[in-house]
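Novice:
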Amino acid sequence: MKSTRPAYRLAMLSLLTAVALIIFVIEAGIPPLTTIPGIKMGLSNIITLVAMVLFGRREALLVLLSRIFLGSLFAGQMMTLLYSLSGGLLCFVVCAGILPVLPA
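If you count by the working numbering, then the sequence shown holds residues 291 to 394, one letter each, in order.
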């Protein structure tokens, strides 16, 4: 889904970031599954995987980092940023290692 139109690409990445942020906020309202702080299901990482398949690793990393930064800004907790960043980057590294490199 590589497009030469930068406006289309930016709009699609913005929509993916918005969807990931919505899932992140909804998931923050779900009661924790365990008593360990910071553990969540990580459903918004699905959007990172979709962005990686559609646009590549660099754009998926941008979606991931913007979702984590904006989500922690909306949540208002510094620990949310640290937990989400560590979990999101671990998910990104594993997905990037498993998925084959897509042609440019």
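Yeah, the Cβ is synthetic: ideal placement off N, Cα and C, and Gly gets one too.
1. Let me know the secondary structure DSSP gives residue 295 once reduced to three states.
2. Closest to residue 402 by CA distance: which of 388, 361, 375, 345 is it?
3. Leaving out the 5 sequence neighbours to the left and right, which residues in its chain are closer than 7 Å to residue 374 when beta-carbon positions are compared?
4. Applying the criterion that 16 or more other CB atoms from any shown protein chain within 10 Å of the CB defines a buried residue, is residue 364 buried or exposed?
5. Shortest alpha-carbon distance to residue 354 belongs to which of 381, 331, 318?
6. When the Cα of residue 317 is compared with those of 296, 389, 330, which residue comes out closest?
7. Could you check if residue 307 is buried or exposed, using at least 16 other CB atoms within 10 Å of its CB as the buried criterion?
8. Using a threshold of 7 Å, state whether the C-beta atoms of residue 334 and residue 310 are closer than that.
9. Tell me where the alpha helix (DSSP H) around residue 333 begins and ends.
10. Note down the Cα distance separating residue 296 from residue 386, rounded to an integer number of angstroms.
11. May I ask you to report which of helix, strand or coil DSSP gives residue 370?
Specialist: Quick look at the numbers:
1. The residue labelled residue 295 in the question sits at position 5 within the sequence shown. Looking at residue 295 - three-state DSSP - the assignment turns out to be coil, as it is neither helix nor strand.
2. Nothing can be reported for residue 402, as the shown portion of the chain is limited to 291 through 394.
3. Taking the sequence shown and counting its residues from 1, the one referred to as residue 374 is at position 84. Result list for residue 374: 358, 361, 362, in chain order.
4. Along the sequence shown, one-based indexing puts residue 364 at 74. Exposed, by the Cβ-count rule.
5. Position 64 of the sequence shown holds residue 354. The shortest Cα separation from residue 354 among 381, 331, 318 belongs to 381.
6. Start at 1 with the first residue of the sequence shown, and residue 317 comes out as number 27. It is 330.
7. The residue you call residue 307 lines up with position 17 of the sequence shown. Buried, because 16 or more other Cβ atoms sit within 10 Å of the Cβ of residue 307.
8. Translated into the one-based positions of the sequence shown, residue 334 becomes position 44. Translated into the one-based positions of the sequence shown, residue 310 becomes position 20. Result yes, Cβ atoms of residue 334 and residue 310 sit closer than 7 Å.
9. For this step, residue 333 is matched to residue 43 along the sequence shown. Unbroken run through residue 333: none, as it is neither H nor E.
10. Here residue 296 corresponds to residue number 6 of the sequence shown, with the count starting at 1. Here residue 386 corresponds to residue number 96 of the sequence shown, with the count starting at 1. Roughly 24 Å separates the two Cα atoms.
11. Taking the first residue of the sequence shown as position 1, residue 370 is located at position 80. Reduced to three states, the DSSP call for residue 370 is helix.
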